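Residue numbers (the UniProt record's numbering), protein chains in the order written: chain A, 1 to 418; chain B, 1 to 418.
What follows is the structure, encoded as structure tokens:
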């Protein structure tokens with residue numbers, strides 16, 4: 001029998017009615033002849049309740065106990081889903097992470113899946129079981145203790161099972177009906193994509209389209225697992241949702257597939273620093289140690305014989321999440337006091353936003369950057385920082401122009417047309 | 001280090017404050033030099049919530065899924081208790097049943113503990129851990145699935161751990177402060193017992209003094225585990241609660257230790273049945289198959305050549321829980337229709353109560369029964385059925401006299417005096 005993995009997030013199993021509705025979708029796939037592995041999250045709200053208790057009991061908690069406590073939410077859903085399916089006459093049973101076992105590293109709270117033996121579940125499929133319901137987000141460490149994969153880890157569980165069981169597809173049921181060309185709240189012209197390449201999804205996910213956890217997309221890409229994102233609140237249909245797949249499986253790639261944005265950016269500029277080998281390391285080393293996630297980096301052209309500096313001087317600009325601005329300032333000022341770096345002034349701009357265009361077609365189409373800059377220029381929007389990758393161009397602009405920029409770029413790249 | 005087992009029931013760990021209070025009691029014992037094994041129940045209300053979900057999802061549920069779901073409540077408490085102890089600077093960690101592992105039979109929902117290997121936890125004690133917090137009520141079957149021991153199973157878990165680890169004592173923390181000579185709601189003269197023998201506790205427990213689960217007392221008796229029942233809501237003290245122990249450890253046994261009662265009784269009489277070998281089996285076989293818990297049984301003296309009966313005839317009276325009366329009637333009438341038994345009439349009396357006096361001293365003191373009957377006679381209370389064991393005399397009386405009977409017997413046997 002072909003195998004299908006179906007994952008239901010917290011809102012899709014929020015109560016017994018929704019579990020019953022999800023079970024009906026599972027039954028549909030069983031009816032098509034699939035052996036189904038269902039991955040479930042905790043009923044929405046349950047994980048937060050457990051996390052709240054942990055934090056109240058022990059603010060600097062032992063992560064091993066945190067995992068043992070928090071994983072219980074998924075176990076409850078798994079059992080309830082198995083019972084619901086049995087009620088519908090479908091042979092089903094639940095598995096907790098340690099029962100499979102989902103072998104992970106010992107990094108409690110953020111463990112990585114190392115191996116998922118398939119023999120145990122496959123034996124049951126051989127004996128006539130039709131659905132294995134597995135508690136997502138959890139595993140077991142080499143020491144025999146319960147681990148969790150971190151928030152959103154159920155997506156990763158689902159993809160890992162799809163890889164281990166060579167599933168035909170991994171369907172991620174969530175509360176949105178797919179991946180859009182941009183945020184529909186910003187332009188009503190936003191269009192649901194039928195297909196998107198792994199690489200594009202990664203860029204969109206890390207830019208704020210929080211449909212799929214980044215790690216799960218990486219894993220899907222590595223093992224070439226076909227991922228489908230779809231809503232559990234829509235009527236079932238064969239072309240529902242968005243398929244996230246390898247580039248080769250998309251007949252005609254879009255030059256640009258989507259416009260992403262992030263409001264939560266801060267721009268930091270170190271004014272007048274010595275321009276010498278190792279200077280970048282001496283700046284970004286302390287930032288990394290302080291846990292600052294630096295995103296875009298721009299270094300100005302060098303100026304020689306600047307006042308009070310022996311060699312050449314330059315400016316360095318970078319962006320980071322806005323809530324890490326204070327931490328970044330502290331780390332840089334401390335490094336200055338210790339004599340590790342030398343700058344005249346540190347300027348912070350917290351009124352910026354990042355807008356990006358993403359598309360694998362960019363690789364073979366020149367002129368995307370030029371067009372983007374022209375569109376923004378026509379709207380009178382000044383670009384503060386530019387960063388590019390193979391399939392993405394990002395700019396930092398004044399936050400007040402963000403919506404305008406997204407709308408203009410969405411129009412200019414014809415993203416409302418299939 | 002000597003080992004102590006401490007068990008906290010649902011009301012003793014009902015919320016984070018109570019878990020913190022329980023943890024303080026654990027800390028006291030650690031301070032005395034004990035290695036402590038803490039057995040915890042689910043936070044009160046949690047198990048009922050989970051059971052409710054199971055019943056709503058699948059009325060005739062798969063008991064294996066029931067166990068997987070319902071056991072999660074204890075896991076949460078175990079983790080929170082371990083965290084709380086760590087916060088107090090006490091090295092502690094949690095164990096779920098399968099991690100110890102608590103090996104049980106496969107009788108899901110009512111599994112029996114078969115083995116508790118001590119090496120895993122003892123190794124940690126050797127490495128400096130002071131408290132092992134174990135989720136009560138659960139274990140793992142030979143098939144690797146989660147089992148539960150049935151309601152109240154956490155008491156049994158505690159005693160089984162005390163036996164496996166040769167603990168000095170097993171303290172059961174609950175919401176009552178010990179075992180009383182009778183129900184204090186019936187007479188204010190009821191007195192807390194300092195000590196009680198296992199056998200007496202068993203008679204009191206099965207008679208309705210729901211302080212300790214019967215199975216846990218049986219297990220304690222078999223392995224000679226000293227059990228102490230005490231309240232988690234009282235100030236700690238060395239002579240708190242009631243010690244349940246072997247007869248030999250009680251210096252001077254009371255002739256009578258307590259007066260127990262049960263309101264929930266029904267008296268059933270089969271009038272005019274054939275008195276021949278095997279007749280008792282033919283009556284109580286169908287009752288047992290129908291799940292009726294028959295308690296007291298009395299057979300009248302035989303009468304020969306009674307109208308319409310070839311051989312001798314007799315009457316048979318028995319008592320059972322009042323909510324099983326209909327089931328008993330149905331089973332007996334069906335057996336009559338099938339020709340398995342022959343009786344003229346089935347009479348049911350649901351206005352009865354059972355009152356018992358219990359005491360190991362009875363074995364060596366004659367006259368307890370005579371005194372009991374005299375006391376009841378003096379109060380004008382008619383006795384309907386009498387049943388005796390080595391350490392207990394029970395009578396069935398009209399329910400309206402129950403309180404009076406308990407009070408009169410409590411006075412007559414001087415139970416208010418130490």
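For glycine and all other residues, C-beta sits at the position ideal for the given N, C-alpha and C.
Predicted model, so just to flag it, every value in this text is computed and none were measured.
Check: Given that residue 11 of chain A touches chain B, what residues does it touch there, using C-beta distances under 9 Å?
Finding: Locating residue 11 of chain A in the first chain gives position 11, where the first residue counts as 1. Those do not exist, as residue 11 of chain A stays about 17 Å from chain B at its closest Cβ, beyond 9 Å.
Check: Listed in chain order, which residues of the stretch 57-75 of chain B have Cβ atoms closer than 9 Å to some Cβ of chain A?
Finding: 57, 58, 59, 60, 61, 62, 64, 65, 66, 67, 68, 69, 70, 71, 72, 73 and 75
Notebook entry, point to check: Quick one: which chain B residues come within Cβ less than 9 Å of residue 94 of chain A?
Noted result: As a working note, residue 94 of chain A is residue 94 in the first chain. Ordered by position in chain B, the residues that pass the 9 Å Cβ test against residue 94 of chain A are 64, 65, 68 and 69.
Next item on the list: Indicate whether at least one CB of chain A lies closer than 7 Å to the CB of residue 87 of chain B.
Entry: Along the second chain, one-based indexing puts residue 87 of chain B at 87. By this cut-off, residue 87 of chain B is an interface position.
Notebook entry, point to check: Would you call the CB atoms of residue 322 of chain B and residue 374 of chain B closer than 7 Å?
Noted result: Counted from its first residue, the second chain places residue 322 of chain B at position 322. Counted from its first residue, the second chain places residue 374 of chain B at position 374. Cβ atoms of residue 322 of chain B and residue 374 of chain B: not closer than 7 Å.
Check: Where do the N-terminal and C-terminal ends of the alpha helix (DSSP H) with residue 286 of chain B fall, by residue?
Finding: Mapped onto the second chain, residue 286 of chain B falls at position 286. From DSSP, the alpha helix (DSSP H) with residue 286 of chain B extends over 279-289.
Next item on the list: Go ahead and label residue 164 of chain B buried or exposed: buried means 16 or more other beta carbons lie within 10 angstroms of its beta carbon, across all protein chains shown.
Entry: In the second chain, counting from the first residue as 1, residue 164 of chain B sits at position 164. It is buried - the Cβ of residue 164 of chain B has at least 16 other Cβ atoms within 10 Å.
Note to self: On the criterion of 16 or more Cβ atoms from any shown chain inside 10 Å, does residue 1 of chain B qualify as buried, or is it exposed?
What the structure shows: Indexing the second chain from 1 puts residue 1 of chain B at position 1. When all chains shown are included, residue 1 of chain B counts as exposed.
Note to self: Output needed for residue 266 of chain A: all residues of its chain with C-beta closer than 8 Å, excluding positions within five of it in sequence on either side, in chain order.
What the structure shows: For the purposes of this step, residue 266 of chain A is identified with residue 266 of the first chain, where counting begins at 1. Only 319, 320, 321, 322, 324, 325, 328, 348, 349, 350 and 352 meet the Cβ criterion.
Notebook entry, point to check: From the beta carbon of residue 82 of chain A, is the nearest beta carbon of chain B less than 7 Å away?
Noted result: In the first chain, residue 82 of chain A corresponds to position 82, counting from 1. Interface residue, yes.
Next item on the list: Compute the Euclidean distance between the alpha carbons of residue 44 of chain B and residue 246 of chain B, then round it to the nearest angstrom.
Entry: Translated into the one-based positions of the second chain, residue 44 of chain B becomes position 44. Translated into the one-based positions of the second chain, residue 246 of chain B becomes position 246. Roughly 32 Å separates the two Cα atoms.
Note to self: So, under 8 Å CB-CB, residue 109 of chain B and residue 135 of chain B are touching, yes? Tell me the CB distance rounded to an integer number of Å.
What the structure shows: On the second chain, position 109 is the one that residue 109 of chain B refers to. On the second chain, position 135 is the one that residue 135 of chain B refers to. At roughly 16 Å, the Cβ-Cβ gap does not stay under 8 Å, so residue 109 of chain B and residue 135 of chain B are not in contact.
Margin query: In the DSSP assignment, the alpha helix (DSSP H) including residue 267 of chain B goes from what residue to what residue?
Written below: Looking up residue 267 of chain B in the second chain gives position 267. Looking at the DSSP string, residue 267 of chain B is not in any alpha helix (DSSP H); the run it does join, the beta strand (DSSP E), is 258-274.
Next item on the list: Find the residues of chain B that neighbour residue 54 of chain A, judging by a C-beta separation of less than 8 Å, and give them in chain order.
Entry: In the first chain, counting from the first residue as 1, residue 54 of chain A sits at position 54. By Cβ distance, chain B contributes 79, 80 and 83.
Notebook entry, point to check: What first and last residue would you give for the beta strand (DSSP E) that runs through residue 93 of chain B?
Noted result: Counting from 1 along the second chain, the entry for residue 93 of chain B is found at position 93. Residues 92-95.
Next item on the list: Indicate whether the contact test is met: 3 or more Cβ pairs, each with one atom in the stretch 60-75 of chain B and one in the stretch 106-121 of chain B, closer than 8 Å.
Entry: yes
Next item on the list: Would you be able to state if there are at least three C-beta pairs under 8 Å between the stretch 156-175 of chain B and the stretch 210-218 of chain B?
Entry: yes
Margin query: Helix, strand or coil for residue 154 of chain B? Go by DSSP, reduced to three states.
Written below: Stepping through the second chain from its first residue, residue 154 of chain B is reached at position 154. If DSSP states are grouped into helix, strand and coil, residue 154 of chain B belongs with the helices.
Notebook entry, point to check: Do the stretch 14-30 of chain A and the stretch 87-101 of chain A meet, that is, are 3 or more Cβ pairs less than 8 Å apart?
Noted result: yes
Next item on the list: Could you work out which residues of chain B lie near residue 138 of chain A, taking near to mean beta carbons separated by less than 9 Å?
Entry: Numbered from its first residue, the first chain carries residue 138 of chain A at position 138. Result: empty, since nearest Cβ-Cβ is about 12 Å, beyond 9 Å.
Item checked: Bridge partners - residue 486 of chain B, DSSP secondary structure assignment -> In the structure as shown, chain B begins at 1 and stops at 418. Residue 486 of chain B is therefore absent and cannot be evaluated.
Checklist line | Sequence-distant residues of the same chain with beta carbon closer than 8 Å to residue 197 of chain A, five excluded per side | finding: If you number the first chain from 1, residue 197 of chain A lands on position 197. Result list for residue 197 of chain A: 244, 245, 246, 247, 250, 253, 257 and 360, in chain order.
Notebook entry, point to check: Taking a cut of 7 Å between CB atoms, which residues from the stretch 144-155 of chain B lie near chain A?
Noted result: 144
Note to self: Can you find the residues in the same chain that come closer than 8 Å, C-beta to C-beta, to residue 99 of chain A, ignoring five residues on each side of it along the sequence?
What the structure shows: Along the first chain, read from residue 1 onward, the residue named residue 99 of chain A stands at position 99. Around residue 99 of chain A: 120.
Next item on the list: Could you pull out every residue in the same chain whose Cβ sits closer than 8 Å to the Cβ of residue 140 of chain B, ignoring the five residues on either side in sequence?
Entry: Against the second chain, residue 140 of chain B aligns to sequence position 140. Closer than 8 Å at the Cβ level, and outside the excluded window around residue 140 of chain B, lie 97, 98, 101, 102, 103, 104, 146 and 147.
Margin query: Run through chain C and tell me which residues come within less than 8 Å of residue 50 of chain A, C-beta to C-beta.
Written below: Note that chain C does not occur in the displayed structure, where the protein chains are A and B.
Next item on the list: Please list the segments of the beta strand (DSSP E) lying wholly inside the stretch 145-232 of chain B, counting only runs of 3 or more residues, in order along the chain.
Entry: 146-148, 169-174, 195-197 and 227-231
Next item on the list: Could you check which residue in B:296, B:298 and B:315 has the C-alpha nearest to that of residue 275 of chain B?
Entry: Here residue 275 of chain B is taken as the residue at index 275 of the second chain, counted from 1. Nearest of B:296, B:298 and B:315 to residue 275 of chain B, Cα basis: B:315.
Checklist line | Given residue 223 of chain B as reference, the closest of B:168, B:259, B:187 and B:73 once Cα atoms are compared | finding: Position 223 of the second chain, counted from the start, is the residue given in the question as residue 223 of chain B. Residue 223 of chain B has its Cα closest to that of B:168, out of B:168, B:259, B:187 and B:73.
Next item on the list: Report all residues from its chain with a CB closer than 8 Å to the CB of residue 239 of chain A; omit the five preceding and five following residues, and keep chain order.
Entry: Against the first chain, residue 239 of chain A aligns to sequence position 239. Counting only Cβ-Cβ distances below 8 Å, and skipping sequence neighbours, we find 194.
Item checked: Which of helix, strand or coil DSSP assigns to residue 6 of chain A -> For the purposes of this step, residue 6 of chain A is identified with residue 6 of the first chain, where counting begins at 1. Three-state DSSP puts residue 6 of chain A in a strand.
Notebook entry, point to check: Should residue 84 of chain A be labelled buried (16 or more other beta-carbon atoms within 10 Å of its own) or exposed?
Noted result: Within the first chain, the letter at position 84 stands for residue 84 of chain A. It is buried - the Cβ of residue 84 of chain A has at least 16 other Cβ atoms within 10 Å.
Notebook entry, point to check: At least one CB of chain A closer than 7 Å to the CB of residue 28 of chain B: is that the case?
Noted result: Residue mapping note: residue 28 of chain B aligns to position 28 of the second chain, counting from 1. With 7 Å as the cut-off, residue 28 of chain B does not count as an interface residue toward chain A.
Checklist line | Whether residue 394 of chain A touches residue 387 of chain A by CB criterion (7 Å) | finding: Translated into the one-based positions of the first chain, residue 394 of chain A becomes position 394. Translated into the one-based positions of the first chain, residue 387 of chain A becomes position 387. In this structure, residue 387 of chain A lies closer than 7 Å to residue 394 of chain A by Cβ.
Note to self: Based on DSSP bridge pairs, tell me the residues matched to residue 103 of chain A.
What the structure shows: As a first step, residue 103 of chain A must be located in the first chain, where it is residue number 103. Looking at the DSSP assignment, residue 103 of chain A forms a beta bridge with A:115 and A:140.
Note to self: Quick check: the stretch 4-11 of chain A against the stretch 28-47 of chain A, are at least 3 beta-carbon pairs closer than 8 Å?
What the structure shows: yes
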